[in-house]
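6 is the number of the first residue of the sequence shown in the working numbering; add one for each residue after it. A virtual CB, placed ideally from N, CA and C, is assigned to each residue, including glycine.
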Amino acid sequence: MEPLRSPLWLENTSLFTVPVRITVVVLYREKALKSLNKKLKSVLPVLVAVAFAIGCKPVFAEDALVHPALSHPTAASGVPAPVKVSSPGGFGHKEGLEFAKTPEYKKEFDKAIDSAKLHCVEFIKANPNSLNKAIISDLDETLLDNRPYFQDVKKDFTWADFEKWVFKAKAPNLPATAEFLKWARDQGFAIIFLTGRPENMRVVTTANLIKNKVAYDGLFMRGDNDKRPASKFKAEVRKKIESMGFKIVVNIGDQDSDLAGGFAINGEKLPNKLYFVQ
Ligand SMILES: [Mg+2]
6 MEPLRSPLWL ENTSLFTVPV RITVVVLYRE KALKSLNKKL KSVLPVLVAV
56 AFAIGCKPVF AEDALVHPAL SHPTAASGVP APVKVSSPGG FGHKEGLEFA
106 KTPEYKKEFD KAIDSAKLHC VEFIKANPNS LNKAIISDLD ETLLDNRPYF
156 QDVKKDFTWA DFEKWVFKAK APNLPATAEF LKWARDQGFA IIFLTGRPEN
206 MRVVTTANLI KNKVAYDGLF MRGDNDKRPA SKFKAEVRKK IESMGFKIVV
256 NIGDQDSDLA GGFAINGEKL PNKLYFVQ
């Protein structure tokens with residue numbers, strides 16, 4: 006059975022153009038309720054009843070993270086795709102989804118993660134006093150798992166549909182990467198995300214990472230009108246990060262374009278046959 010959830014607030018988005026939030030509901034949450042005076046406590050049920058009577062709906066913490074007020078309107082207004090996304094050598098998302106269920110996929114994934122961890126261990130051993138070590142990690146299909154979106158794709162991938170999915174901020178973590186990054190951060194590595202997602206997705210991407218309990222130190226994204234190939238854009242950002250004084254010990258991603266162009270001691274390629282990014 007699902008645990009009982011306490012809403013953050015009640016709101017009605019159909020009555021007015023600006024959402025109406027009945028904040029008294031927040032006061033039902035444990036600590037706030039205790040500190041409330043008697044008089045206000047007695048009128049709370051009435052206020053809540055009124056809120057429901059005018060059609061307000063409860064908003065829970067996890068939904069509030071992607072409250073419409075936070076979402077960027079361009080999900081519907083069509084900022085063009087920032088990169089060329091296609092399917093490699095005869096593969097499509099269906100084949101990619103099937104591949105992701107195979108032992109081969111898991112083996113490749115685990116091998117890359119184990120190797121990344123080993124590089125970190127060796128670096129620490131050789132540089133026990135290092136204070137500027139960093140991991141660069143891609144997001145999509147590296148940490149964030151978009152398979153729930155691809156499972157619903159009827160025909161071909163379109164950037165507009167993918168954008169709508171991203172704006173839901175609901176991509177789960179790929180557990181092996183999440184665990185590796187958490188471990189590395191505990192060892193003193195800065196965790197810096199470098200994604201081809203454009204800046205107009207920053208708020209929802211951050212919301213997704215917070216929801217997934219991912220701790221990190223930086224998030225570099227592509228400019229909204231940046232049309233450079235991912236390999237070029239990402240290598241230039243890594244160069245910039247190294248010029249800030251970081252030593253990139255491991256760069257991890259699911260595309261060759263995540264790793265091309267240097268500015269990292271080690272590169273780890275995760276498997277992905279869902280799509281190919283130039
Ligand atoms: Mg990726």
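Restricting attention to beta strand (DSSP E) runs no shorter than 3 residues, the stretch 187-221 encloses them at 195-203, ordered along the chain. Spatial neighbours of Pro234 in its own chain (CB-CB distance under 7 Å, excluding positions within 5 residues in sequence) are listed in chain order as Ser262, Gln283. In this structure, Ala269 is the residue among Gly60, Lys44, Ala117, Ala269 with its C-alpha nearest to the C-alpha of Ile197. The beta carbons of Asp161 and Thr200 sit about 22 Å from each other, so the pair does not count as a contact at 8 Å.
Assignment of Val51 by DSSP, reduced to helix, strand and coil, places it in the helix class.
Setting aside the 5 residues that flank it on each side, Asn271 is surrounded in the same chain by His124, Val255, each with a C-beta closer than 6 Å to its C-beta; the list follows chain order. Annotated three-state conformation of Ser142 is strand, per DSSP.
Beta-bridge annotation (DSSP): Asn151 is not paired with any residue.
Per DSSP, the unbroken alpha helix (DSSP H) holding Phe128 starts and ends at 108-131. Taking a contact to require three or more Cβ pairs closer than 8 Å, the stretch 179-191 and the stretch 131-150 qualify as touching. For Phe104, the enclosing alpha helix (DSSP H) begins and ends at 98-104. DSSP, read as helix, strand or coil, puts Leu224 in strand.
Within 10 angstroms of the beta-carbon of Met249 lie fewer than 16 other beta-carbons, which makes it exposed. At least one heavy atom of ligand 1 sits closer than 8 Å to the Cβ of Asn277.
For Leu136, the distance from the CB to the nearest heavy atom of ligand 1 is not below 8 Å.
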